[in-house]
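Residue numbers (the working numbering): 311 to 532.
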């Protein structure tokens with residue numbers, strides 16, 4: 311009898327243990343299934359949020375790109391207007407400048423080479439003695455901005471005067487710059503002008519002295 315009870319007890323214990331194992335397994339499976347569902351739900355939610363965020367960022371980037379394009383268009387328009395104003399200004403300036411430009415040159419009767427003789431007539435300078443004379447080539451020339459006269463001796467340029475011609479008078483000037491040790495100021499007035507001969511005077515001021523000269527130019531033969 312005791313042996314039968316023991317067998318029955320063992321059988322019941324084994325049966326109950328299997329049922330408990332199945333129940334625990336079921337609970338574990340159910341818990342895992344629930345966790346898996348929750349995980350899937352969370353992943354779907356994250357994907358949805360990411361997609362929404364990406365859409366918002368895409369819209370934001372598109373808006374910024376559109377704003378940048380508008381700014382570039384505005385800048386291009388302003389640049390075009392600025393360039394147009396520059397062209398207009400340059401056109402007006404060039405027109406006015408062209409109207410104001412005067413062709414500067416010596417009259418044909420004066421331009422070219424002359425043989426010049428200069429004689430000292432008055433002097434209180436030690437460098438110049440009354441009666442001293444010299445002969446040079448005087449060449450009346452011009453460029454686009456000024457008249458000038460070159461003094462040439464033995465094919466060497468001795469001096470270059472700046473020139474002016476007004477009221478049938480020729481005025482020439484040479485002056486040393488401020489860095490020169492000796493201050494020299496030369497002025498030539500030629501007011502007796504004919505076809506083949508020009509006469510006048512030259513005055514030289516050197517520091518604290520002065521010398522005067524007679525000038526006679528003869529048209530060089532070609």
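Quick reminder that beta carbons are idealized off the backbone N, C-alpha and C, glycines included. It should be emphasised that the depicted structure is a prediction, and the values quoted were computed from it without experimental measurement.
Give me the Cβ distance between residue i and residue j, rounded to the nearest whole Å; I'm assuming they're in contact under 8 Å.
i	j	result
residue 502	residue 510	6 Å
residue 500	residue 508	5 Å
residue 442	residue 463	Rounded, the Cβ-Cβ distance is 15 Å, inconsistent with contact.
residue 428	residue 494	That belief does not hold up - the Cβ atoms of residue 428 and residue 494 are roughly 15 Å apart, past 8 Å.
residue 423	residue 505	Not confirmed; about 15 Å, so no contact.
Per the DSSP calculation, residue i is bridged to which residue(s)?
i	result
residue 428	444, 525
residue 502	509
residue 392	Bridge partners of residue 392: none, in fact.
residue 399	Note: residue 399 sits in no beta bridge, so no partner.
residue 495	485, 515
Beta-carbon within less than 6 Å of residue i's beta-carbon, same chain only, minus the 5 sequence neighbours each way: which residues are those?
i	result
residue 466	none
residue 514	496, 521
residue 435	516, 519, 521
Given that a residue counts as buried once 16 or more other Cβ atoms are within 10 Å of its Cβ, and exposed if not, what is residue i?
i	result
residue 512	buried
residue 396	exposed
residue 401	exposed
Quick check: what's the CA-CA separation for residue i versus residue j?
i	j	result
residue 394	residue 414	34 Å
residue 381	residue 370	16 Å
residue 426	residue 392	58 Å
residue 459	residue 421	9 Å
I'd like the list of long-range same chain contacts for residue i, defined as Cβ closer than 7 Å, with 5 residues on each side in sequence excluded.
i	result
residue 416	450, 452, 457, 475
Would you say residue i faces chain D, with C-beta separation under 8 Å as the test?
i	result
residue 504	In the displayed structure, chain D is absent; only one protein chain is listed.
Can you find the residues in the same chain that come closer than 8 Å, C-beta to C-beta, to residue i, ignoring five residues on each side of it along the sequence?
i	result
residue 472	456, 457, 458, 482, 483, 484
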